[in-house]
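Visitor: For the sequence shown, the tail end lands on 247 under my numbering, and the numbers increase by one without skipping. Below you will find the structure I want to go over with you.
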Amino acid sequence: MSEDKRAATKVKCSNSGGDRHRWGDRDEYRDFWASRAELAATLVPDRASILEIGVGLGAFRALVAGRCDYLGADLVPLDEATAPLDVELDPLPSGTFDFVVMLGVLEYLHAPEAALAKIFATCQRVLLSYCAVRETQAEVVAIRRERGWLNDYSRADLIEIAERRGWRLQQALPYNEAPDFVQSILLFECASQGLDDRRT
Ligand SMILES: C[S@@+](CC[C@H](N)C(=O)[O-])C[C@H]1O[C@@H](n2cnc3c(N)ncnc32)[C@H](O)[C@@H]1O
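See the structure below:
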């Protein structure tokens, strides 16, 4: 990533108090996010062990319930089944997972690279959605900040971040787009892991 791009990828320095307020309000969650969860769930095989970070209303959880070994966590748990977790500040739950799933979360992190590094250490695959920038023009960044997004990676930036840590992009599914973003479901895997299903 260029220094310019790094500079453009400003993170807003604040504690997550405001985030907690937002995500504690069910009206902040959008019904159409369920279709993103549906797309992501197609990439998860039966019997996979999953840690989902950012459960929200539980759309993804409902899709894998009964066919996967699932643990859900969120900054603001909205139900008793979800563990409290700030992925930026807290240690991740102990154990290793086939998948860590994070849908619509990375955009809201103050230090996403540090969170990804922590996540990469605890699983074999990371399935996430991200609204990547097409270009980091000031007006685009302004729209993203209005949305509450705190970072501005291109898809190439995310791939570079992963590759620096020995991970690679295994699959990408387009989801939606707008002038300030192109959103995809991205499946990363540890480069030293084969694609063979190790659960057989
Ligand atoms: C846009 S919502 C997405 C919810 C759900 N994944 C979906 O796709 O419907 C963002 C979610 O990320 C959670 N979140 C935000 N910051 C977080 C953090 N630092 N640690 C854990 N979860 C966080 C919020 O509480 C919220 O549930």
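Idealized CB from N, CA, C, for every residue including glycine. None of these values were measured; they are calculated from a predicted model.
Are the Cβ atoms of T169 and V148 separated by less than 9 Å?
Guide: Result no, Cβ atoms of T169 and V148 do not sit closer than 9 Å.
Visitor: Taking DSSP as the reference, what is the three-state secondary structure of V123?
Guide: In the structure shown, V123 sits in coil (DSSP, three-state: anything other than H, G, I, E or B).
Visitor: Can you tell me whether A120 sits near ligand 1, meaning its C-beta is under 8 Å from at least one heavy atom of the ligand?
Guide: Yes, the beta carbon of A120 sits closer than 8 Å to at least one heavy atom of ligand 1.
Visitor: My guess is that H157 and L205 are in contact by the Cβ rule of under 8 Å, so how many angstroms apart are they, rounded?
Guide: Actually they do not touch by this definition, with Cβ atoms about 17 Å apart.
Visitor: Could you please give me the residues that DSSP links to V148 through a beta bridge?
Guide: In the DSSP output, where bridge partners are listed per residue, V148 has E99, L174.
Visitor: Under the three-state reduction of DSSP, which class applies to E236: helix, strand or coil?
Guide: Here E236 sits in strand by DSSP.
Visitor: In whole angstroms, what separates the C-alpha of R114 from that of R211?
Guide: Cα to Cα, R114 sits roughly 33 Å from R211.
Visitor: Looking at the secondary structure, which residues open and close the alpha helix (DSSP H) in which L205 lies?
Guide: Here the alpha helix (DSSP H) through L205 covers 202 to 211.
Visitor: For D227, count neighbouring Cβ atoms within 10 angstroms of its own Cβ and tell me buried if that reaches 16, exposed if not.
Guide: D227 should be labelled buried.
Visitor: Relative to the C-alpha of P159, which candidate in Q171, P140, L136, N223 has its C-alpha closest?
Guide: Checking every option, the nearest Cα to that of P159 belongs to L136.
Visitor: Taking the beta strand (DSSP E) that R9 falls in, what are its first and last residues?
Guide: Residue 9 lies beyond the stretch modelled for the chain, which goes from 48 to 247, so this question has no answer here.
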